[in-house]
Amino acid sequence: MASNKPVFSGEGVDPEKRAADGAPHELSSAESVQIESNEQYYSLGFWTRMGCTAESFKRRTVSDKTNQLNQTLRSRHMHMIAIGGSIGAGLFVGTGSALRRGGPASLLLDYIIIGVMIFNVVFALGELGIMYPISGGFYTYSTRFIDPSWGFAMGWNYVFQWAIVLPLEITVASFTIYFWTSDVHVAVWISMFLAAIIIINIFGVLGYGEEEFWSSALKLFAIVIFMIIGLICVCGGGPSRGIYSEYWGARLWYDPGAFRNGFKGFCSVFVTAAFAFSGTELVGLAAAESRTPLKSLPSAVKQVFWRITLFYVLSLLFVGLLVRSDDERLLGANPYVDAQASPFVLAAQDAGLIGFDSFMNVVILVSVISIGNSGVYGGSRTLTALAEQGYAPKIFTYVDRAGRPLVSTVTIIAFGALAYLGVAESGIEIFDWLLALSGLAALFTWGSICLAHIRFRAAWKHQGRPLDEIPFKSVGGVYGSYLGLILIFLVLVAQFYVAIWPPGGGVNDAEGFFKSYLALPVVMFFWICGYAWKRQGWLRLDQIDLDSGRRQIDWEAHHAEMEKRRNATGRFFLSLVALSTSVSCYLADWNETHVKNPRWPPHARFHNGQTMSMGLCLGALTAYFLWRPARDLAAAKDNVNVAVVMASLYWVTGFSAILYPGTKWMDPEYGEGSPQIVVFGAHLLGAWYGWVLEMRRTAHWAGKVQ
Numbered sequence: 001m002a003s004n005k006p007v008f009s010g011e012g013v014d015p016e017k018r019a020a021d022g023a024p025h026e027l028s029s030a031e032s033v034q035i036e037s038n039e040q041y042y043s044l045g046f047w048t049r050m051g052c053t054a055e056s057f058k059r060r061t062v063s064d065k066t067n068q069l070n071q072t073l074r075s076r077h078m079h080m081i082a083i084g085g086s087i088g089a090g091l092f093v094g095t096g097s098a099l100r101r102g103g104p105a106s107l108l109l110d111y112i113i114i115g116v117m118i119f120n121v122v123f124a125l126g127e128l129g130i131m132y133p134i135s136g137g138f139y140t141y142s143t144r145f146i147d148p149s150w151g152f153a154m155g156w157n158y159v160f161q162w163a164i165v166l167p168l169e170i171t172v173a174s175f176t177i178y179f180w181t182s183d184v185h186v187a188v189w190i191s192m193f194l195a196a197i198i199i200i201n202i203f204g205v206l207g208y209g210e211e212e213f214w215s216s217a218l219k220l221f222a223i224v225i226f227m228i229i230g231l232i233c234v235c236g237g238g239p240s241r242g243i244y245s246e247y248w249g250a251r252l253w254y255d256p257g258a259f260r261n262g263f264k265g266f267c268s269v270f271v272t273a274a275f276a277f278s279g280t281e282l283v284g285l286a287a288a289e290s291r292t293p294l295k296s297l298p299s300a301v302k303q304v305f306w307r308i309t310l311f312y313v314l315s316l317l318f319v320g321l322l323v324r325s326d327d328e329r330l331l332g333a334n335p336y337v338d339a340q341a342s343p344f345v346l347a348a349q350d351a352g353l354i355g356f357d358s359f360m361n362v363v364i365l366v367s368v369i370s371i372g373n374s375g376v377y378g379g380s381r382t383l384t385a386l387a388e389q390g391y392a393p394k395i396f397t398y399v400d401r402a403g404r405p406l407v408s409t410v411t412i413i414a415f416g417a418l419a420y421l422g423v424a425e426s427g428i429e430i431f432d433w434l435l436a437l438s439g440l441a442a443l444f445t446w447g448s449i450c451l452a453h454i455r456f457r458a459a460w461k462h463q464g465r466p467l468d469e470i471p472f473k474s475v476g477g478v479y480g481s482y483l484g485l486i487l488i489f490l491v492l493v494a495q496f497y498v499a500i501w502p503p504g505g506g507v508n509d510a511e512g513f514f515k516s517y518l519a520l521p522v523v524m525f526f527w528i529c530g531y532a533w534k535r536q537g538w539l540r541l542d543q544i545d546l547d548s549g550r551r552q553i554d555w556e557a558h559h560a561e562m563e564k565r566r567n568a569t570g571r572f573f574l575s576l577v578a579l580s581t582s583v584s585c586y587l588a589d590w591n592e593t594h595v596k597n598p599r600w601p602p603h604a605r606f607h608n609g610q611t612m613s614m615g616l617c618l619g620a621l622t623a624y625f626l627w628r629p630a631r632d633l634a635a636a637k638d639n640v641n642v643a644v645v646m647a648s649l650y651w652v653t654g655f656s657a658i659l660y661p662g663t664k665w666m667d668p669e670y671g672e673g674s675p676q677i678v679v680f681g682a683h684l685l686g687a688w689y690g691w692v693l694e695m696r697r698t699a700h701w702a703g704k705v706q
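Be aware that the sequence shown starts at 1, since it is given in the UniProt record's numbering, and climbs by one per residue.
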């Protein structure tokens, strides 16, 4: 009887690992170890693989005594880890204190700057992770391309970062319960949430992946619902029992103002934004335990753009529009712990939406537990990798038969007990110092990733390698990593500035300074320890090893996959234009500003109805011709040309609206019609770009046919 277990052919367990003629390529020793490790895993019983039997806790060893983690994460797990994996207390709770210190404009701008930074960091990490798959820790890129001593420092910095985040998130989850009741002591909730994290980690990486998938789905759903409700409230469509029952707009950007505390307030928000984005790099760590990293990692990395744009920037835009920056409720007992000071919860309360504030608190509760679980995952894998590199005691190399780094996981979970420090009055001071350790730790990790990418590209060029041999390239290339590194340096300078001269005025004392900047001396201490231990310094370009551990690529299959993705890009842009053409007129009619506007004369109302119908027809025609089957390349090109013409005609729907008296954009309340012109220009640009990509595709395939 045929076996139903997966077939493994090296890292990634994927067809691209085989040669074009179907014959398997010659496996490296690392790949052979991974095959043996995976075969051992799938030869076990189901409950043993799930970590629920005594047998599962026995040590796993393979022929060369190397321990290997499992490769059981699926693409859906990778995508959700990339999109929503790091959304937690930093976004839902920490933004309250950031809004109070810097105002809505500083909040939005700082998150955009950190977003640009993390965008380049994740793409650089994606390029390195696909080229050099490493099980357990991307700090090794610093060891390989920069300086082994610096890699030592970054590895231990990352372990301590997550070991401290774990008790923080457990504490936030425990205090979140106070929104409903305070009858039960907070220590009881800490114990319950710590037990929940232990249970999740019993199931190993699969438990982590499933928990992240469903919790991320809930977080993203909640943020989308919040943005929809926020749009309605800003337009004045909120319930009559709330404060958003009349047109709200951007009044809070005028009173109390867009900025608070001047330039100091602007600089002080950076550390909160960095804390909110912490964990984004986990997608690179999870790639080592993915079944098909060569496919899932690039697509997961590309999801980061949408997370930054939609789930951070847009949600915080609505937060800044709906919540006053001088609201006294933003002054929680601890800006990262008190969930009742969350601006998301405050906006729900002010809107008068019964039960929505409770729903947002449930989302915060799930989110912070999810981040705590991510802390166990990231810290344990990095600690195991440090031990395998000889940078930590060998006991941390213990990986059991279920694929769990058992000793490392137990060690990181033990740090969760620090959450009890927040219960006692005497522990608050210790807890604040622990928070100071993790405040800037992520910035050093991200900077190391950018610098490692720069050094990798420099060594690649120095050793005469062509860029075509890199299977996945960062969107910004080496310049994107330079930009990310420069932004990280500027953020560290800004934080140093506010650590000395805080927004409240005056000069900070030594205690206040180190609570804001303790991560720097800690990293320097690790760096010195690493150099004293290994006695290795900065690597020259000719010393960098570009071959060992490099992923074996079936280039024919890889190019075919890339071609398939490029083919879909043009249709993707044209489909967006078609969708926008169909719904834009209807969205513009929100809040009875067009057809039902009492100021409009009857002919103007009729004109707007005609505009809405015309937009729907043009969008439908664009989609029809774009996806219409074609018998040959000439017919396919004709379909694309007609679809582009239909998409480009969107300006016709609103051209007469600028000329008609009484329309929205000619109404004295709204001014001239320039916003429509911007929309028309965006549609034309999208249609043109989609047409260019589709013409390249048809030209490419015409050459193939010839």
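Where a beta carbon is used, it is the ideal one built from N, C-alpha and C, also for glycine. The structure displayed is predicted, hence computed values, not measured ones.
Within the same chain, G257, A258, F259, R260, G265 and S325 come within 7 Å of G103 by CB-CB distance, once the 5 residues on both sides are set aside. Between A687 and L616, the C-beta spacing is not below 8 Å. The continuous stretches of alpha helix (DSSP H) do not include K394, and DSSP gives it neither H nor E. Under the Cβ criterion (8 Å, minimum of three pairs), the region 123-140 counts as touching the region 460-479. Just so you know, the alpha carbons of V642 and V577 end up roughly 14 Å apart. In this structure, the beta-carbon distance from V283 to V269 does not fall below 8 Å. Excluding sequence positions up to five before and after V323, its CB lies within less than 6 Å of the CB of P343, L346 and A347, all in the same chain and listed in chain order. For the set Y420, W446 and L316, the Cα lying nearest the Cα of V188 is the one of Y420.
Q463: not part of any alpha helix (DSSP H); DSSP gives it neither H nor E. If you look at G126, you'll find it in the alpha helix (DSSP H) that goes G94 to M131.
Assigned with DSSP and collapsed to three states, R59 falls in strand. Shown here, F138 sits in coil according to DSSP, grouped into three states, outside any helix or strand. For the pair of segments examined, the region 521-531 was found to touch the region 155-166: the number of CB pairs separated by less than 8 Å reaches three. By the CB criterion at 8 Å, L487 and I113 fall inside the cutoff. Here the alpha carbons of S648 and Y139 stand approximately 48 Å from one another. Contact between D147 and G537 holds: their C-beta atoms lie close to 6 Å from each other, under 8 Å. Sequence-distant partners of V640 (beyond 5 residues in either direction) whose C-beta falls short of 6 Å from its own C-beta, in its chain, are E694.
Of all C-beta pairs linking the region 391-398 to the region 406-421, three or more are shorter than 8 Å, placing the two stretches in contact.
Non-local beta-carbon contacts of I170 in its own chain, meaning distances under 7 Å to residues more than five positions away in sequence, involve I190, F193, L194, G372, G416 and A419 in chain order. Between Y244 and G238, the C-beta gap is smaller than 8 Å, which places the two residues in contact. In the three-state reduction of the DSSP assignment, W538 falls in the coil class, being assigned neither a helical nor a strand state.
C-alpha of V116 to C-alpha of Q495: approximately 18 Å in a straight line. Three or more beta-carbon pairs separated by less than 8 Å link the region 213-231 to the region 308-323, which places the two stretches in contact. Counting of Cβ neighbours within 10 angstroms places A173 among the buried residues, the total reaching 16 or more. In the DSSP assignment, L518 falls outside any alpha helix (DSSP H) and carries neither an H nor an E.
C-alpha of Y312 to C-alpha of L91: approximately 8 Å in a straight line.
By the CB criterion at 8 Å, E127 and H462 fall outside the cutoff.
Assignment of G88 by DSSP, reduced to helix, strand and coil, places it in the coil class. Distance from the CA of S215 to the CA of V186, rounded to the nearest whole angstrom, comes to 23 Å.
Residue environment for Y479: exposed (fewer than 16 other C-beta atoms within 10 angstroms of its C-beta).
With fewer than 16 neighbouring CB atoms inside 10 Å of its own CB, E511 falls in the exposed class. Distance from the CA atom of A635 to the CA atom of V644, rounded to whole angstroms, is 14 Å. Collapsing the DSSP output to three states places F270 in a helix.
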